[in-house]
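A.B. asks:
Residue numbers (our numbering): 6 to 159.
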């Protein structure tokens, strides 16, 4: 069984859900079983759906460094920037914070972008002190990793 599958099964049982209940109308009981036993991996979209139904962040399920967790990070960052462009600043801040928790364990350059995105969203929410601290931390990480791409956002 994979770590991802173990965490999904454990959380499902904590909540008292059957595989059918977790899958709902979108996912079959058989698919949930395959994920829980590690015989298949869910897509990013499916993992986001499962995480929501299991009332946990995606980061809870992806604490190990895998191609899936790196892809999830990229999708989360893109979602955060899209939410921000749409003016959905609270949602953007939540997405960047969740992504930051995952990135902290995997990639400082991505963590820098998370801090910068979070800081920008907080600035739009008029939480200026917190925004400044997050942008500063993102700038420090970007400089430490020599990632000029993120410094442009600052």
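Where a beta carbon is used, it is the ideal one built from N, C-alpha and C, also for glycine.
Every value quoted in this text rests on a predicted model; they were computed, and no experiment measured them.
Check this for me: beta carbons of residue 107 and residue 64, under 9 angstroms apart or not?
C.D. replies: On the chain shown, residue 107 is found 102 positions in, with the first residue counted as 1. On the chain shown, residue 64 is found 59 positions in, with the first residue counted as 1. Yes, the pair counts as a contact, with Cβ atoms nearer than the cut-off.
A.B. asks: Using DSSP with H/G/I as helix, E/B as strand and the rest coil, what is residue 39?
C.D. replies: Working through the chain shown from its first residue, we reach residue 39 at position 34. Residue 39: helix per DSSP, three-state reduction.
A.B. asks: Using 9 angstroms as the threshold, is the C-beta distance between residue 38 and residue 24 below it?
C.D. replies: Numbered from its first residue, the chain shown carries residue 38 at position 33. Numbered from its first residue, the chain shown carries residue 24 at position 19. Yes; because the gap between Cβ atoms is below 9 angstroms, this pair is in contact.
A.B. asks: Does the beta-carbon distance from residue 133 to residue 94 come in below 9 angstroms?
C.D. replies: For the purposes of this step, residue 133 is taken as the residue at position 128 of the chain shown. For the purposes of this step, residue 94 is taken as the residue at position 89 of the chain shown. No; because the gap between Cβ atoms is not below 9 angstroms, this pair is not in contact.
A.B. asks: Given a cut-off of 9 angstroms, decide if residue 82 and residue 50 are closer than it, judged by their beta-carbon atoms.
C.D. replies: On the chain shown, residue 50 is found 45 positions in, with the first residue counted as 1. On the chain shown, residue 82 is found 77 positions in, with the first residue counted as 1. Going by C-beta atoms, residue 50 is not nearer than 9 angstroms to residue 82.
A.B. asks: Tell me where the alpha helix (DSSP H) around residue 60 begins and ends.
C.D. replies: Translated into positions along the chain shown, residue 60 becomes position 55. Note, residue 60: premise wrong, no alpha helix (DSSP H); not H, not E.
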